[in-house]
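See structure below.
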Amino acid sequence: MAGDEIIFGLPSKGRLKEQCEAWLVKRGLFLKQTGGERGYAAHFDGEPMVEVRLMSSSEISKSLLAGEMHLGITGEDLIREQSPKSDEQVEFVHKLGFGRADVVVAVPDGWIDVSTMGDLAEVASDIRRTSGKRMRIATKFARLTTEFFEKCGVLDYRIVYSGSATEGAPANGIAEAIVDITTSGATLIANNLKIIDDGLILSSQACLIKSRTAILSPKQSALMNELTRKFG
Amino acid sequence: MIDIQQSVKIKNTLAQNGGEWVDLPLLLPSSTVLELAGEGLRPRLYFANSPDGEELCLRADLTIPAAVTFIESGAKQAIYLCSGKVFRAQKENGVNPEFRQMGIERYGDSDKQIADFEVFSSIYKTCKTIGLNGGRLILSDGGLVERILKTANLPAVWREYFMPQANVVSELLKRINLATIPNTDAPTAIEKSLLAIQNDQEAANLVEEILDISKLKQGLARDTLDIAKRLRQKAKRQTAEPLSKEIANILQEVLQLKGTPSTVFEKVQSLGKSIGVDFTDWAKEWDLKIQKIQTVIDADCEVIFDVAMPKRFEYYDGIRFEIFTKDSDKSLASGGRYDGLIAELTKGEKNISAVGAVIRPEVILGGK
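Chains as they are written, first to last, in our numbering: chain A, 1 to 232; chain B, 1001 to 1368.
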């Protein structure tokens, strides 16, 4: 970040990108991709000092936390998962009302004896006592899971990393339960899983996020103030 | 920093009861470490991947790599002396993630009491060689809480509910408290039906029928009998009399006892009596242990007995000790007996007793 530009990260594709663009247009910021629709560099019309980078939501989160990007739109779940001290590293400027996803604990729907995290703690102890192994939780949210399970007193478990198709893990024998994101719950139901009553870890959505670790020059500070005024 | 002279002094003192110096692996399969220590340790581990994709982690202590080395050796008895860096992110600030530990790990001793004493004695004397003066010694008994729960005059339904948390006193205290609250939820129709069925197979069949009708699936790890048993347990708790406040208070008081050994032992015995447990023999055994320990420690070493072990020492099942300098909360040395560890690592194939302890010399000497 040698220049005086503000670096702004936006999701590079899909429905989320469209929703971000629509949100920005309402605030007078029109996105122009320099390499055409497939290009990953862009700027806002009439804002030459704002360099827009089109990236994956996960990369935007990492860049904001590391201070390599000043502003960006990404999911709260990704930020919270990637750092235990996210509130020190970034500021959640706006919750945007789209890109909603809940991070939840889900178990096989046939576990009719399990409806609370307390039940899950007991089942985990039973599994460890009878099999000598800890209950396996498939997830890509290792940090959020560890913190939440600790708070709920669930101790006898192991995390099995699962980057995709996590809902299939219990049926495939990879794990006993999962922690994953869900919007409608339809994929969970289709895979014979149910959400635990008090198993909501995080209600996430797309957020406009400002890095607290990125160092701003006086010019960048002035530009940042101007931009945040536009965001209302 | 530890200089060569100090290092030689430490090593000689650690080796006073014999043993062989062993090089322990730095990298371990993270699944082994997390299976033993639990996911609570994950945020403090440093991970790497092997070329074939297996997730590994840098050792976070010497106990697990020593146990792995012992199992691979095929021996039935051994005294290992070990020294080297361990890697653990600190809870605050993430500073100083690597530090030296030096210790003793003993396996398969025929006389456990002698082994326990020799390990403690070597470790305390080693602490003295690097400048410990008096200090503070915290002792616990890793088997005590389980013993209290097993023998106390408790309704079976509550004993069953408490036992799985015997090693995690903070969670156990929560359960004791919950057990005293009158239940407002009536058992469901299924739970009531299961309570009426005595035969396990019939209970499992009923659950299977319900799952079939409702098109529900229980996954691979649990069968319908597991589910039936838990539903029965839940129903029993819902219909049981709440745990009496009097018993709950006694249990909570015992579990939180911490003080000079004589005061704690006296209190454990008197409170034990009121819940039907005779701790006379236990207290006598511990009195003897304390007497032996006092032959080694400085006269001004403050000795504290703590009924509840910290959560991070879940796998200790016998004596556990931790040594501090007088003016610091930083642990200088810790150790104890963990007879279940080898069995857990070998999935029950080998059942060999184990005791060990490490010192962290930089706590006194400074540096990394």
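Even for Gly, the Cβ is constructed at its ideal location relative to N, Cα and C.
Being a predicted model, the structure only gives us computed values, none of them experimental.
{"query": "Which residue wins for smallest C-alpha separation from B:S1031, given the options B:V1355, B:Y1046, B:N1017 and B:L1024?", "result": "B:Y1046"}
{"query": "Take B:E1166 and list the residues in its own chain whose beta-carbon comes closer than 8 Å to its own, dropping the five residues that flank it on each side.", "result": "As written in the sequence, residue 1166 of chain B is Ala, which differs from the Glu given in the question. So the qualifying residues of the chain are V1145, E1146, L1149 and L1172."}
{"query": "For chain B, check one thing: does any of its Cβ atoms lie closer than 8 Å to the Cβ of A:L155?", "result": "yes"}
{"query": "For A:W111 and B:I1227, which I take to be in contact (beta-carbon distance under 8 Å), what is that distance rounded to the nearest angstrom?", "result": "7 Å"}
{"query": "If I measure Cβ to Cβ from A:S61 and keep anything under 6 Å in the same chain, skipping five residues before and after, which residues do I get?", "result": "T74, L78, I79 and Q82"}
{"query": "Tell me which residues share the same chain as B:E1118 and place their Cβ nearer than 7 Å to its Cβ, disregarding the 5 neighbours each side in the sequence.", "result": "N1017"}
{"query": "Cβ of B:I1342 within 8 Å of Cβ of B:A1067?", "result": "yes"}
{"query": "Can you check DSSP and say which residues form a bridge with B:E1302?", "result": "B:R1136"}
{"query": "Distance check for B:L1243 and B:T988, CA to CA, integer angstroms please.", "result": "There is simply no residue 988 of chain B to check, as chain B begins at 1001 and stops at 1368 in what is shown."}
{"query": "Closer than 8 Å, CB to CB, is B:R1147 near chain A or not?", "result": "no"}
{"query": "Going by DSSP in three states, B:K1368 sits in which element: helix, strand or coil?", "result": "Any reading at B:K1368 needs caution, since the residue's pLDDT is 45, under 50, leaving its predicted position unreliable; the model's value is listed next. Coil at B:K1368, not helix or strand."}
{"query": "With a threshold of 7 Å on Cβ separation, who are the neighbours of A:D4 within its own chain once the five nearest residues in sequence on each side are excluded?", "result": "M49, S217, K219 and Q220"}
{"query": "Can you check whether the C-beta of B:P1361 is within less than 8 Å of a C-beta belonging to chain A?", "result": "no"}
{"query": "In the DSSP assignment, what residue or residues form a beta bridge with B:L1058?", "result": "B:L1027"}
{"query": "Indicate the three-state DSSP secondary structure (helix, strand or coil) for A:G14 in the structure shown.", "result": "helix"}
{"query": "Got a sec, what are the start and stop residues for the beta strand (DSSP E) A:M55 sits in?", "result": "E47 to M55"}
{"query": "Please name the residues in the segment 1207-1219 of chain B whose beta-carbon is closer than 9 Å to at least one beta-carbon of chain A, in chain order.", "result": "V1207, I1210, L1211, S1214, K1215, L1216, K1217, Q1218 and G1219"}
{"query": "Is the segment 1181-1198 of chain B touching the segment 1224-1240 of chain B, taking contact as three or more C-beta pairs under 8 Å?", "result": "yes"}
{"query": "Nearest-angstrom Cα distance between A:E122 and B:F1279?", "result": "29 Å"}
{"query": "Which chain A residues are close to B:D1116, counting only those with a beta carbon under 9 Å from its beta carbon?", "result": "Going along chain A, no residue has its Cβ under 9 Å from B:D1116, so there is no contact; the nearest lies around 26 Å."}
{"query": "Using 8 Å as the threshold, is the segment 136-152 of chain A in touch with the segment 179-191 of chain A, meaning 3 or more CB pairs across them?", "result": "yes"}
{"query": "Could you tell me which residues DSSP puts in a beta bridge with B:Q1101?", "result": "B:G1084"}
{"query": "Could you tell me whether the Cβ of B:K1174 comes closer than 8 Å to any Cβ of chain A?", "result": "yes"}
{"query": "Using a Cβ-Cβ cut-off of 8 Å, state whether A:W111 counts as contacting chain B.", "result": "yes"}
{"query": "Let me see if you follow: with CB-CB separation under 8 Å, is A:D45 close to chain B or not?", "result": "no"}
{"query": "Answer with buried or exposed for B:Q1218, where buried requires no fewer than 16 other C-beta atoms within 10 angstroms of its C-beta.", "result": "buried"}
{"query": "B:V1168 versus chain A: which residues are under 9 Å apart at the beta carbon?", "result": "G153 and L155"}
{"query": "For B:Y1161, which residues of its own chain have a beta-carbon under 7 Å away from its beta-carbon, when the five flanking residues on both sides are left out?", "result": "R1175, A1179 and R1237"}
{"query": "Apart from the five residues on each side of it in sequence, which residues of its chain come closer than 7 Å, Cβ to Cβ, to B:T1126?", "result": "I1010, T1013, L1014 and I1359"}
{"query": "With a cut-off of 8 Å, does the C-beta of B:G1038 fall near any C-beta of chain E?", "result": "Within the model displayed, chain E is absent; protein chains A and B are what it includes."}
{"query": "Quick one: is A:A169 buried, meaning 16 or more other Cβ sit within 10 Å of its Cβ, or exposed?", "result": "buried"}
{"query": "My guess is that B:L1034 and A:N192 are in contact by the Cβ rule of under 8 Å, so how many angstroms apart are they, rounded?", "result": "27 Å between Cβ atoms; not a contact."}
{"query": "Using a Cβ cut-off of 9 Å, pull out every chain A residue sitting near B:R1042, in sequence order please.", "result": "A142, R143, T146 and I159"}
{"query": "Give the DSSP-derived three-state secondary structure of B:W1158 in the structure shown.", "result": "helix"}
{"query": "For B:L1288, is the classification buried or exposed, using 16 other Cβ atoms within 10 angstroms of its Cβ as the cut-off for buried?", "result": "exposed"}
{"query": "Is B:V1008 close to chain A? Criterion is C-beta to C-beta, closer than 8 Å.", "result": "no"}
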